[in-house]
Amino acid sequence: MKSVGEIMAIGRTFEETIQKGLRMVGLGMHGFVENKELQIENIDKALREPTDQRIFVVSKAFRKGYTVDQIHELTKIDKWFLEKLYNIIETAEALEKQAPGSLDFESG
Numbered sequence: 176m177k178s179v180g181e182i183m184a185i186g187r188t189f190e191e192t193i194q195k196g197l198r199m200v201g202l203g204m205h206g207f208v209e210n211k212e213l214q215i216e217n218i219d220k221a222l223r224e225p226t227d228q229r230i231f232v233v234s235k236a237f238r239k240g241y242t243v244d245q246i247h248e249l250t251k252i253d254k255w256f257l258e259k260l261y262n263i264i265e266t267a268e269a270l271e272k273q274a275p276g277s278l279d280f281e282s283g
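Numbering-wise, the working numbering comes out as the position in the sequence shown, counting from 1, plus 175.
#1: Let me know the alpha helix (DSSP H) ranges lying completely inside the region 180-256, each 4 residues or longer, listed in chain order.
#2: If you draw a straight line from the alpha carbon of D253 to that of G276, how long is it in whole angstroms?
#3: Alpha carbon to alpha carbon, how far is I215 from R223? Give it in angstroms, no decimals.
#4: Does A269 come out as helix, strand or coil in the three-state DSSP assignment?
#5: Rank I185, A274, V208 and D227 by C-alpha distance to the C-alpha of K239 and give the top, closest one.
#6: I need the straight-line Cα distance from T192 to A236, nearest angstrom please.
#7: Do you know whose CA, among E190, K220 and T226, lies nearest A267's CA?
#8: How long is the line joining the alpha carbons of L249 and Q273, rounded to whole angstroms?
#9: Suppose you measure from the CA of G196 to the CA of I230; what does that come to, to the nearest Å?
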């Protein structure tokens with residue numbers, strides 16, 4: 176049986192589902208954030224060109240300070256999706272600001 180490159184990710188939110196899907200797609204990425212090995216010389220150009228890597232370019236653009244509106248203008252990706260992707264970036268940045276060991280875990 177030959178693979179067609181499909182994945183299925185199930186989650187309660189879009190953010191959870193896209194993270195799972197991106198980790199499973201087999202491109203060697205770690206989800207939407209923290210793909211430090213991906214180097215992009217011209218983010219604007221990379222955002223304009225639809226490729227299998229563009230979602231990771233969107234992540235880099237958000238990390239560089241691009242807004243949802245700026246990325247929408249360059250990609251024409253629906254703002255709903257971009258806002259959900261930005262939620263992932265905001266969550267990652269909030270977690271990065273926490274001191275190691277400062278997060279409380281529920282016991283259970």
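In this text, a Cβ means the ideal position worked out from N, Cα and C, and glycines have one as well.
Taking the definition as stated:
#1: 189-199, 218-223, 229-238 and 243-250
#2: 37 angstroms
#3: 13 angstroms
#4: helix
#5: V208
#6: 21 angstroms
#7: E190
#8: 33 angstroms
#9: 12 angstroms
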